[in-house]
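Contents: one structure, followed by commentary.
2 protein chains.
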Amino acid sequence: MATSSFSLPTPTHASAPAISNPISKPKKHLVMSSNDQNMQVITEPDPEPPARKLTGSSQLNRWSRARAIRSGRRLDRPVPWKPATDTNTISLVETEEGRILQEELGREVEDDKEAKPIYMVSDGTGWTAEHSVNAALGQFDHCLVDRGCPVNTHLFSGIDDVEKLVVIIKQAAREGAMLFYTLADPSMAASAKQACKLWGVPSTDILGPIIESISHHIGVSPSGIPRGAQGRKLHLTEEYFRRIEAIEFTIRQDDGALPRNLHKADLVLVGVSRTGKTPLSIYLAQMGYNVANIPIVLGVEMPRPLFEIASDKVFALTINPVILQAIRKARAKSLGFNDNTSSNYAEMAHVREELEFAGKLFAQNPVWPVIEVTGKAIEETAAIILRLYHDRKQQCSMPRISKRY
Amino acid sequence: MATSSFSLPTPTHASAPAISNPISKPKKHLVMSSNDQNMQVITEPDPEPPARKLTGSSQLNRWSRARAIRSGRRLDRPVPWKPATDTNTISLVETEEGRILQEELGREVEDDKEAKPIYMVSDGTGWTAEHSVNAALGQFDHCLVDRGCPVNTHLFSGIDDVEKLVVIIKQAAREGAMLFYTLADPSMAASAKQACKLWGVPSTDILGPIIESISHHIGVSPSGIPRGAQGRKLHLTEEYFRRIEAIEFTIRQDDGALPRNLHKADLVLVGVSRTGKTPLSIYLAQMGYNVANIPIVLGVEMPRPLFEIASDKVFALTINPVILQAIRKARAKSLGFNDNTSSNYAEMAHVREELEFAGKLFAQNPVWPVIEVTGKAIEETAAIILRLYHDRKQQCSMPRISKRY
Chain W
0 MATSSFSLPT
10 PTHASAPAIS
20 NPISKPKKHL
30 VMSSNDQNMQ
40 VITEPDPEPP
50 ARKLTGSSQL
60 NRWSRARAIR
70 SGRRLDRPVP
80 WKPATDTNTI
90 SLVETEEGRI
100 LQEELGREVE
110 DDKEAKPIYM
120 VSDGTGWTAE
130 HSVNAALGQF
140 DHCLVDRGCP
150 VNTHLFSGID
160 DVEKLVVIIK
170 QAAREGAMLF
180 YTLADPSMAA
190 SAKQACKLWG
200 VPSTDILGPI
210 IESISHHIGV
220 SPSGIPRGAQ
230 GRKLHLTEEY
240 FRRIEAIEFT
250 IRQDDGALPR
260 NLHKADLVLV
270 GVSRTGKTPL
280 SIYLAQMGYN
290 VANIPIVLGV
300 EMPRPLFEIA
310 SDKVFALTIN
320 PVILQAIRKA
330 RAKSLGFNDN
340 TSSNYAEMAH
350 VREELEFAGK
360 LFAQNPVWPV
370 IEVTGKAIEE
380 TAAIILRLYH
390 DRKQQCSMPR
400 ISKRY
Chain X
0 MATSSFSLPT
10 PTHASAPAIS
20 NPISKPKKHL
30 VMSSNDQNMQ
40 VITEPDPEPP
50 ARKLTGSSQL
60 NRWSRARAIR
70 SGRRLDRPVP
80 WKPATDTNTI
90 SLVETEEGRI
100 LQEELGREVE
110 DDKEAKPIYM
120 VSDGTGWTAE
130 HSVNAALGQF
140 DHCLVDRGCP
150 VNTHLFSGID
160 DVEKLVVIIK
170 QAAREGAMLF
180 YTLADPSMAA
190 SAKQACKLWG
200 VPSTDILGPI
210 IESISHHIGV
220 SPSGIPRGAQ
230 GRKLHLTEEY
240 FRRIEAIEFT
250 IRQDDGALPR
260 NLHKADLVLV
270 GVSRTGKTPL
280 SIYLAQMGYN
290 VANIPIVLGV
300 EMPRPLFEIA
310 SDKVFALTIN
320 PVILQAIRKA
330 RAKSLGFNDN
340 TSSNYAEMAH
350 VREELEFAGK
360 LFAQNPVWPV
370 IEVTGKAIEE
380 TAAIILRLYH
390 DRKQQCSMPR
400 ISKRY
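Taken in order, these protein sequences are the chains called W and X.
Sequential numbering from 0 applies to the first sequence in numbering that gives the first Met the number 0.
Sequential numbering from 0 applies to the second sequence in numbering that gives the first Met the number 0.
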């Protein structure tokens, strides 16, 4: 499972209305003191011990349980939602990856393990928790990929009062989940810590230690105001607009459009079809770079402006032909072409010939760095490109990407 | 300064080749033991104490120093690079924000403070460190925005050997920087910790505590292999392809294009020009959602398919007219229109009328949630939309976004 790529979330272990909530008035359990910094627990700990069992699981046989876990639905009721993208996703069944994937799905049934729940709570957007936990899970790829240690994450964002926080932590205790939190409000963070301790939920503060060390370094106290809260306003800076402009520029310049604008781009990506030019361009655009991408098509001349712009902003992408063919087959299928279509887009001979054509172009332009994208996530290729880009611009002894706040 | 938005990095304090490097053979200083887990420091601590002063700053007067800090360039030499986007960015000078910004820039000169450097080191892409530090800096908006506590961040990614690591940490000590690190390789993390301690650089491990608590929770040891390293291969899963397809779908459906495809979208955004539909769509697409956006234009009928699709996937965006006018003025200027252009795009009467037109449309479709985007970062609006979306789909007592690994 590619933890580096964001995926469409699947609903799992949806909290069931059937389970009676042990806390009818959670505010009675945790009360904030007047200075909002210290939490007092004024009642006894909830007598109900958290249980790790799944409701109703005993009624289900091994297979249907496994299926339920795989599909991510709750065991005791049908879930009305399924990812709505099925009309538009690539079916991999006919490809090499598809076969590998199917084998993995097969193994998964054998494993028949319950996924470990990880809760993430934020009083802001929750994207920092999401991003950090996703990156950390990358360290467990070796057992996530074959579902040897399945994990479900659950993000609760915009949690801005203790009442909701307590409900979530009790639910985490009941499910045997661990909890990560990013709570800007120090009283909320203290509540989370204390409540987790009380109900035996392992918890980790994601942003707290970072904020604390920055605070110490710059000698300023943090505001304690979550993003999006009243009183913390968004400052519309030039950077803010530049980022939006970069996204719009990059969309306009996608797939070789408007070559006359190439001189306005910060970065120009060239490569054959399905080397990931578009998602890579968009990823870089989100960081504020104006990106243009130009496809290399066998026998088609590249637009003249490409050779008139500064050559040090052009980056070439290349890929292993076997992987490229597999991706193209999947692509052709998703576009509705079957094997009988006259297109040679995904034929190995054509794939190789086109990559050779690209290789010759790269050889004629030795200034363009050639980046091998095989097996790399978009984020990795982006990191390599930006490192090279800033290295060239700064001529540093050690490439760095610097930013001013 | 909008810490929530990524911006084009500015090179600052580029390490000068002129400064003689005190470590000619850093490998002699830090040697890994055979099990690669424990670092031994086999020589004396470097006798050269780290100094916080900036080379050459005493030669410069107050103004040129301030200017240097603002522009982010080193004080002792010219930097060849400037952001290459100037041909394509919005000039805000003529807008309300522009005036505020100019005032801020004015204040900045008065402040004349040296920016505190923050170093980020990663053996992977570094995006987790970048994201987390950016989010944490949001807690210091109150003094970052007027440059009361200026900060420069420096990201060093792909640092995969101890030699480079040591060079960076010594440089951090010299500049009085603090250091954040995300080092998947435990021996690298141990080296960073020990070297920082040795040279008095305050340091914080960003991913370590998260990985450790997940490891404890799921009972599996982390791989210790950085993203992108040999031996950690990218798994091309359905999710991976779905995300790429979502980006491509979203680009195709931008700005009202191909309304016949609306039924294929997971999310449909409607709003007048400059409510941030495009960057929001792209942000959501990166998470794997197929997004379409349709502009609302005064007097223009919305495409019929909009009313034929499931109405619970449509989200309406609205904005304060004064802010909208300011943004549109900036936009018009960036597109090369001057005040004499006949367009009424940015005229207040027109702006109000168009927003009223949109408001009527929203009233006729009460199922569409109307989201106020004024003063919200793209990420915040995205969080609100996804919360509503998953709430509707899951019918939970507490909205959550769940994901399966």
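Every residue gets a Cβ at the ideal spot worked out from N, C-alpha and C, and that includes glycine.
- Its chain contains Val267, Ala291, Pro304, Leu305 and Ile308 as the residues whose beta carbon lies nearer than 7 Å to that of Leu261 (chain X), once the 5 sequence neighbours on both sides are disregarded; these appear in chain order.
- Note: Ile295 (chain X) is bridge-paired with X:Val271 in the DSSP secondary-structure output.
- Within 8 Å of the CB of Ser131 (chain X), the CB atoms of chain W belong to Thr127, His130, Ser131, Ile205, Leu206 and Ile209, in sequence order along the chain.
- Counting only unbroken stretches of 4 or more residues, the alpha helix (DSSP H) elements lying wholly within the segment 288 to 373 of chain X are 320 to 333 and 347 to 363, in sequence order.
- For Ile370 (chain X), the closest alpha carbon among the candidates X:Thr317, X:Gln193 and X:Ser190 is that of X:Thr317.
- Counting only the Cα atoms, Asn343 (chain W) lies some 14 Å from Pro320 (chain W).
- With a threshold of 16 other beta carbon atoms within 10 Å, Ala188 (chain X) meets it and is buried.
- Flagged as an interface residue toward chain X: Phe139 (chain W), by a C-beta distance shorter than 8 Å.
- In the DSSP assignment, Val200 (chain W) falls outside any beta strand (DSSP E) and carries neither an H nor an E.
- Between Thr380 (chain X) and Gly275 (chain X), the C-beta gap is smaller than 8 Å, which places the two residues in contact.
- Out of W:Gly125, W:Met301 and W:Lys392, the CA that lies nearest to the CA of Pro225 (chain W) is found in W:Gly125.
- Taking a C-beta distance under 8 Å as the contact criterion, Val271 (chain X) and Glu353 (chain X) qualify as a contact pair.
- Segment contact: the segment 319 to 334 of chain W against the segment 381 to 391 of chain W, fewer than three CB-CB distances shorter than 8 Å; contact not assigned.
- Neighbours of Asn151 (chain X) in chain W, taken as residues whose beta carbon is under 9 Å from its own, are Ser401, Lys402, Arg403 and Tyr404 in chain order.
- The segment 161 to 171 of chain X and the segment 117 to 135 of chain X touch, with three or more beta-carbon pairs separated by less than 8 Å.
- Just so you know, the alpha carbons of Gly223 (chain X) and Gly147 (chain X) end up roughly 40 Å apart.
- Close partners of Ser156 (chain X) in chain W (Cβ separation under 7 Å): Ala382 and Arg386.
- Scanning chain W for C-beta atoms nearer than 9 Å to the C-beta of Ser212 (chain X) yields Ala135, Met177, Phe179, Pro201, Ser202 and Thr203, reported in chain order.
- The residue from X:Phe248, X:Pro302, X:Ala128 and X:Arg273 with its alpha-carbon nearest to that of Thr277 (chain W) is X:Phe248.
- Taken in chain order, the complete alpha helix (DSSP H) segments of 4 residues or longer contained in the segment 114 to 140 of chain X are 126 to 136.
- Here the C-alpha atom of Val296 (chain X) lies approximately 20 Å from the C-alpha atom of Ile250 (chain X).
- In the structure shown, Tyr180 (chain W) falls within a strand segment according to DSSP collapsed to helix, strand and coil.
- Segment contact: the segment 138 to 145 of chain X against the segment 208 to 224 of chain W, three or more CB-CB distances shorter than 8 Å; contact assigned.
- Chain X has no Cβ within less than 8 Å of the Cβ of Arg173 (chain W).
- In the displayed model, Ser190 (chain X) falls within a helix according to three-state DSSP.
- Counting along the chain, Val150 (chain X) sits inside the beta strand (DSSP E) bounded by residues Val150 to Phe155.
- Following the DSSP letters along the chain, one finds Ser401 (chain W) inside the beta strand (DSSP E) bounded by residues Ile400 to Arg403.
- Taking 8 Å as the cut-off, the Cβ atoms of Thr152 (chain X) and Lys402 (chain W) count as close.
- By the Cβ neighbour-count rule, Ser310 (chain W) is exposed, with fewer than 16 other Cβ atoms within 10 Å of its own.
- Rounded to whole angstroms, the separation of the alpha carbons of Val313 (chain X) and Val269 (chain X) is 7 Å.
- Each residue's CA atom was taken as its position, placing Val350 (chain W) and Val372 (chain W) some 16 Å apart.
- Nearest CB-CB separation between Gly227 (chain X) and chain W: below the 8 Å threshold.
- Neighbourhood of Asp160 (chain W) in chain X, by CB distance below 7 Å: empty, with the nearest CB roughly 12 Å away.
- The criterion of a C-beta distance shorter than 8 Å is not satisfied by Thr203 (chain X) and Ala134 (chain W).
- Closest in alpha carbon position to Gln193 (chain W), among W:Ala183, W:Pro208, W:Ile209 and W:Leu164, is W:Leu164.
- Taking a C-beta distance under 8 Å as the contact criterion, Met397 (chain X) and Phe155 (chain W) qualify as a contact pair.
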